[in-house]
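S.K.:
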Amino acid sequence: MMQLYWMGVCALILSLVGRTAGAAEPLPGSVDNGNGSWTYRYAPSGGANDGSDQGGPSAGKDLVVAEHSPSTVFAYADDEMGLYNSSCNPFIAWGLLRFDLAGLPSASQVERVNLVFHSKAWTAYFPYQVATTTYDVYRVTEAWEENTATWNNQPAVAADPSASLGVATAEVQHPSYAYDGFVSIPITSLYLSWISGQQANHGLSLRRRESFCENGNANQITTSDASEAARRPALEIVYRVAPLQPDAGPAADGSAPRADAAPPHEVGIDSRAAPDAGTRSRDAAAATPLDARRSAADAARRADRPSGSGCALTPSAADLRSPWLLLLALIGLAQWRRRRGR
Numbered sequence: 077m078m079q080l081y082w083m084g085v086c087a088l089i090l091s092l093v094g095r096t097a098g099a100a101e102p103l104p105g106s107v108d109n110g111n112g113s114w115t116y117r118y119a120p121s122g123g124a125n126d127g128s129d130q131g132g133p134s135a136g137k138d139l140v141v142a143e144h145s146p147s148t149v150f151a152y153a154d155d156e157m158g159l160y161n162s163s164c165n166p167f168i169a170w171g172l173l174r175f176d177l178a179g180l181p182s183a184s185q186v187e188r189v190n191l192v193f194h195s196k197a198w199t200a201y202f203p204y205q206v207a208t209t210t211y212d213v214y215r216v217t218e219a220w221e222e223n224t225a226t227w228n229n230q231p232a233v234a235a236d237p238s239a240s241l242g243v244a245t246a247e248v249q250h251p252s253y254a255y256d257g258f259v260s261i262p263i264t265s266l267y268l269s270w271i272s273g274q275q276a277n278h279g280l281s282l283r284r285r286e287s288f289c290e291n292g293n294a295n296q297i298t299t300s301d302a303s304e305a306a307r308r309p310a311l312e313i314v315y316r317v318a319p320l321q322p323d324a325g326p327a328a329d330g331s332a333p334r335a336d337a338a339p340p341h342e343v344g345i346d347s348r349a350a351p352d353a354g355t356r357s358r359d360a361a362a363a364t365p366l367d368a369r370r371s372a373a374d375a376a377r378r379a380d381r382p383s384g385s386g387c388a389l390t391p392s393a394a395d396l397r398s399p400w401l402l403l404l405a406l407i408g409l410a411q412w413r414r415r416r417g418r
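This note's numbering applies: residue 77 is where the sequence shown begins, and numbers increase by one.
Structure follows, in structure tokens:
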């Protein structure tokens with residue numbers, strides 16, 4: 077009878093937990109993927125461009141730093157910023173972007189995250205000279221502000237890119253576009269390092285890897301100040317409302333996660349199509365490290381189920397929906413109380 081009593085206690089606890097878990101809702105504007113996951117597109121709009129913007133929903137934070145104008149702050153409300161990497165003149169320019177992650181899915185919910193932006197590779201005087209243009213994403217390691225960042229005082233970045241993606245570009249003559257479309261780079265590991273607190277979120281640096289002699293050529297990236305919302309830089313987050321895994325916490329020895337632990341490098345694939353409500357980009361590595369962590373978490377949950385008395389630490393969907401378990405447990409509880417009253 078004691079076993080039936082504990083089953084009753086467990087059933088009541090699971091019922092309460094189930095009500096709490098069922099209260100979770102997807103983020104407004106999320107697209108249902110039909111497999112239990114959701115896709116949320118986070119694309120901040122332009123802000124004041126005065127140093128107060130930190131990448132929130134209406135405070136986009138992005139600008140370019142340029143070697144040819146090393147002390148100029150390019151934090152103006154412009155629709156595009158140009159990336160350069162010229163081998164014959166001082167036209168080298170890198171983009172800086174930051175997204176405020178407050179209120180976005182946690183590490184335990186995320187399946188994958190892509191950085192999505194619109195790019196135009198255009199020519200003016202010289203032809204575009206490479207068949208593949210590679211965009212590298214570097215993790216920024218120092219704070220910076222839109223109203224003060226220049227080439228001369230730009231923030232430091234990690235030694236190696238956290239992610240990269242190559243897109244096919246036509247070797248066209250001027251004036252023409254070698255590429256005009258969306259680019260989607262998988263940055264799941266970088267996002268997880270930020271959202272879990274393993275790395276400080278100072279944003280990212282977007283750079284073009286290939287170097288060639290440029291004269292009026294550029295890779296134009298649409299900014300958060302663009303009037304067309306669909307072309308603004310965005311985080312495309314595929315997540316589940318119910319957690320997939322425990323959030324990252326202290327290490328086994330009780331210490332905090334290392335702040336200098338670099339996330340693994342992610343390599344993306346070409347994505348030319350613009351994302352819309354019915355079509356969402358898929359990165360090359362559909363099976364992410366989260367899959368392994370999810371399997372480990374499932375095994376841990378099974379291990380948490382005692383064979384005799386006690387409750388499963390994480391109830392399954394069947395536990396929460398089984399009226400027979402609750403009925404059996406309540407009968408056992410009633411019988412145990414009647415026996416005690418004798």
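All residues carry an ideal CB built from backbone N, CA and C; glycine is no exception.
All of these numbers come straight from a predicted model, not from anything done at the bench.
(1) Can you check the segment 210–275 for any beta strand (DSSP E) of at least 3 residues that lies completely inside it and give the ranges in chain order?
(2) Can you list the alpha helix (DSSP H) stretches of 4 or more residues lying completely in the segment 138–172, in chain order?
(3) Distance, Cα to Cα, phenylalanine 288 vs serine 162?
(4) Between Gly132, Tyr253, Ser147, Leu320, which lies nearest to proline 203 when the distance is taken from Cα to Cα?
(5) What separation, rounded to the nearest whole angstrom, lies between the Cα atoms of proline 309 and leucine 406?
(6) Taking C-beta to C-beta, are tyrosine 160 and asparagine 293 nearer than 9 angstroms?
(7) Taking only three categories from DSSP, how would you classify leucine 180?
(8) Could you name the residues of the same chain whose beta carbon sits closer than 6 angstroms to that of arginine 397, not counting the 5 residues immediately before and after it, in chain order?
(9) What does the alpha-carbon distance come out to for the pair leucine 311 and alanine 100?
(10) Could you please give me the residues that DSSP links to leucine 191 through a beta bridge?
(11) From the DSSP output, read off the bridge partner residues of isoleucine 297.
(12) What's the gap between the Cα of histidine 278 and the Cα of alanine 219?
(13) Looking at glutamate 143: is its Cβ nearer than 9 angstroms to the Cβ of proline 120?
(14) Out of Leu282, Val233, Ala302, Val107, which one is the CA nearest neighbour of threonine 210?
(15) Say whether the segment 171–179 touches the segment 129–136, bearing in mind that this needs 3 or more beta-carbon pairs closer than 8 angstroms, one atom from each stretch.
(16) Helix, strand or coil: which one does DSSP assign to tyrosine 406?
(17) Excluding the 5 residues preceding and the 5 following glutamate 221 in the sequence, name in chain order all residues of the same chain whose CB lies nearer than 6 angstroms to its CB.
(18) For the beta strand (DSSP E) holding leucine 280, just list the boundary residues, first then last.
(19) Going straight from the alpha carbon of glutamate 290 to that of cysteine 164, what length do you get?
(20) Give me the Cα-Cα distance between threonine 245 and glutamine 230, rounded to the nearest whole angstrom.
(21) Between methionine 157 and threonine 264, how many whole angstroms is the CB-CB distance? I'm expecting something under 8 angstroms.
(22) Return yes when at least one heavy atom of the ligand ATP lies under 8 angstroms from the C-beta of serine 121, else no.
(23) Looking at the strands, I want to know which residues DSSP matches up with tyrosine 118.
(24) Only counting the same chain, and skipping five residues up and downstream in sequence, which positions put a Cβ closer than 8 angstroms to that of glutamine 185?
(25) Report the residue from Leu180, Ser195, Thr217 whose alpha carbon sits nearest the alpha carbon of glycine 105.
(26) Sorted by chain position, which residues of the same chain lie with C-beta nearer than 6 angstroms to arginine 348's C-beta, five sequence neighbours on each side aside?
(27) Per the DSSP calculation, arginine 174 is bridged to which residue(s)?
(28) Which residues in the same chain have their Cβ closer than 6 angstroms to the Cβ of tryptophan 198, if we skip the five residues on either side of it in sequence?
(29) Relative to the C-alpha of glutamine 274, which residue among Val192, Thr217, Gln411, Phe193 is closest?
(30) Closer than 7 angstroms by C-beta to tyrosine 118: which residues in its own chain qualify, once you throw out the five before and the five after it? Chain order, please.
(31) Tell me, which residues are paired with phenylalanine 288 by DSSP?
M.R.: Well, looking at it:
(1) 239–244, 253–262
(2) none
(3) 5 angstroms
(4) Tyr253
(5) 55 angstroms
(6) yes
(7) coil
(8) Summary for arginine 397: the model assigns pLDDT 43, below 50, so the residue's position carries little reliability; its value from the coordinates is reported in the next sentence. Nothing listed; no residue qualifies.
(9) Each residue's Cα considered, the two are about 22 angstroms apart.
(10) Per DSSP, Ile261, Leu311.
(11) Per DSSP, Met157, Ser195.
(12) 6 angstroms
(13) no
(14) Leu282
(15) yes
(16) A quick correction: the sequence has leucine, not tyrosine, at residue 406. Of the three classes helix, strand and coil, the one that applies to leucine 406 here is helix, per DSSP.
(17) Gly127
(18) 280–284
(19) 7 angstroms
(20) 29 angstroms
(21) With a Cβ gap of about 25 angstroms, methionine 157 and threonine 264 do not count as contacting.
(22) In the structure shown, the ligand ATP is absent, as is every other ligand, since no ligand is present at all.
(23) Leu311
(24) Tyr315, Arg316, Val317, Ala318, Pro319, Leu320
(25) Leu180
(26) With a pLDDT of 40 at arginine 348, under the threshold of 50, the predicted position of this residue should be treated as unreliable, and no value is reported.
(27) Lys137
(28) These residues qualify, in order along the chain: Tyr253.
(29) Thr217
(30) Here the set comprises Phe175, Leu180, Ala310, Leu311, Ile313.
(31) Ser162
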